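Read through the structure below, which is laid out as structure tokens, and then see the notes.
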Amino acid sequence: MIKNQSFAHSRIARLFRWGERTRGKLYELLGSHEGESILEIGCNDGKFVALVQERCPGVFIVGCDIDAEAVRRAQSAACSVMSAENLSYPDSSFDKIAGSHVIEHIPDTCRAFAEMERVLKPGGRCVLIYPLEIFRGSNNLFSAWLVYGSPFAGRSLHLHTFTPSKIQRMTAMRITKKGIFFGPYPTFYTVLQKRSLISNASQEAFRKANQENF
Numbered sequence: 001m002i003k004n005q006s007f008a009h010s011r012i013a014r015l016f017r018w019g020e021r022t023r024g025k026l027y028e029l030l031g032s033h034e035g036e037s038i039l040e041i042g043c044n045d046g047k048f049v050a051l052v053q054e055r056c057p058g059v060f061i062v063g064c065d066i067d068a069e070a071v072r073r074a075q076s077a078a079c080s081v082m083s084a085e086n087l088s089y090p091d092s093s094f095d096k097i098a099g100s101h102v103i104e105h106i107p108d109t110c111r112a113f114a115e116m117e118r119v120l121k122p123g124g125r126c127v128l129i130y131p132l133e134i135f136r137g138s139n140n141l142f143s144a145w146l147v148y149g150s151p152f153a154g155r156s157l158h159l160h161t162f163t164p165s166k167i168q169r170m171t172a173m174r175i176t177k178k179g180i181f182f183g184p185y186p187t188f189y190t191v192l193q194k195r196s197l198i199s200n201a202s203q204e205a206f207r208k209a210n211q212e213n214f
């Protein structure tokens with residue numbers, strides 16, 4: 001049982017405020033413009049999808065998540081149950097892809113990167129936000145304790161740790177911007193661009209050549 005309820009409530013409130021700040025950062029890095037098509041992977045209950053729809057009504061945005069209950073809570077036709085490892089969209093479908101605190105949860109991240117590259121248009125942008133962790137699950141200790149009763153549950157929630165350089169080795173997309181911003185804990189952001197003159201087959205070959213490192 002949590003002894004200091006007011007402390008817990010204040011921490012939960014901070015987490016919610018941080019979620020809003022993270023969505024704002026994701027929107028800023030994405031740079032949405034009228035007429036663009038956007039895919040959010042790991043959309044959860046659709047808060048970022050709704051934010052984009054509100055701020056830029058001329059954008060076509062859809063989101064996907066493997067959590068059917070979260071998608072149900074979104075109550076939006078723009079959100080659907082789908083794995084980032086197996087996207088059911090044609091090649092070169094989207095101008096931009098967004099993902100916030102999702103890649104560390106995906107079992108086969110190499111496959112997910114290949115799928116993101118496949119559905120992204122040549123020259124398209126992919127924006128990823130993910131934790132800067134000393135060890136896997138280190139940034140998830142408080143929320144794991146709060147939700148699951150054990151800080152060690154964080155390691156089962158975060159399957160991987162990432163850095164911008166590690167991501168660059170996993171994908172044929174090139175990094176155009178990277179950095180760190182701070183919420184309750186340090187967080188990486190990485191902006192990637194799909195190369196205009198490289199085919200999806202070439203990107204798949206690149207992924208396979210580098211997959212043995214992971």
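In my numbering, the protein residues as written are 1 to 214.
The beta-carbon is built from N, C-alpha and C at its ideal position, and this holds for glycine as well.
This structure is a prediction, so every number in the text was calculated from the model and none was measured.
Cut-off 6 Å between Cβ atoms - residues of its own chain near residue i, not counting five sequence neighbours on either side
i    : result
I215 : Since the first and last residues shown for the chain are 1 and 214, residue 215 lies out of range.
S92  : K121
E34  : G58
Q168 : I175
V102 : I41 and G42
Y89  : V119
Contacts around residue i, its chain only, beta-carbon distance under 8 Å, and the 5 residues preceding and following it disregarded
i    : result
F48  : R23, L26, Y27, E40, G63, A98 and S100
G19  : K47
I180 : L132, P186, T187, F188 and Y189
Given residue i as reference, the closest of the options once Cα atoms are compared
i    : options                  : result
K121 : E34, G35 and S196        : S196
Y43  : I61, S88, Q168 and T161  : It is worth fixing the name first, because residue 43 is Cys in this sequence and not Tyr. Nearest C-alpha to C43: I61.
C56  : G31, S80 and P90         : G31
D45  : V191, E117, D67 and P90  : D67
L128 : V52, K96, P90 and Y189   : Y189
G123 : D108, K96, E104 and E115 : K96
D108 : K194, Q53 and H158       : H158
R21  : T187, K194 and Q193      : T187
Burial state of residue i, where buried means 16 or more other Cβ atoms lie within 10 Å
i    : result
K166 : exposed
P131 : buried
K177 : exposed
A74  : buried
R125 : buried
F162 : buried
V81  : exposed
A50  : buried
E69  : exposed
A114 : buried
E36  : buried
Assumed close pair residue i, residue j - CB separation to whole angstroms, cut-off 8 Å
i    : j    : result
F94  : I38  : 6 Å
M170 : C110 : 6 Å
E117 : M173 : 6 Å
V191 : L29  : 6 Å
Under the three-state DSSP convention, the category residue i falls into
i    : result
T109 : helix
R195 : coil
T22  : helix
V49  : helix
Y189 : strand
P131 : strand
E40  : strand
A70  : helix
G137 : Unreliable placement is indicated for G137, whose pLDDT of 48 sits below 50; the coordinate value is still reported in the next sentence. Coil at G137, not helix or strand.
L29  : helix
A231 : The chain is shown from 1 up to 214; residue 231 falls before or after that span and cannot be answered.
V59  : coil
S80  : strand
P90  : coil
7 Å Cβ shell around residue i - same chain, five flanking residues per side excluded
i   : result
V52 : Y27, S32, I38, V59 and I61
V71 : D65, C79, S80 and V81
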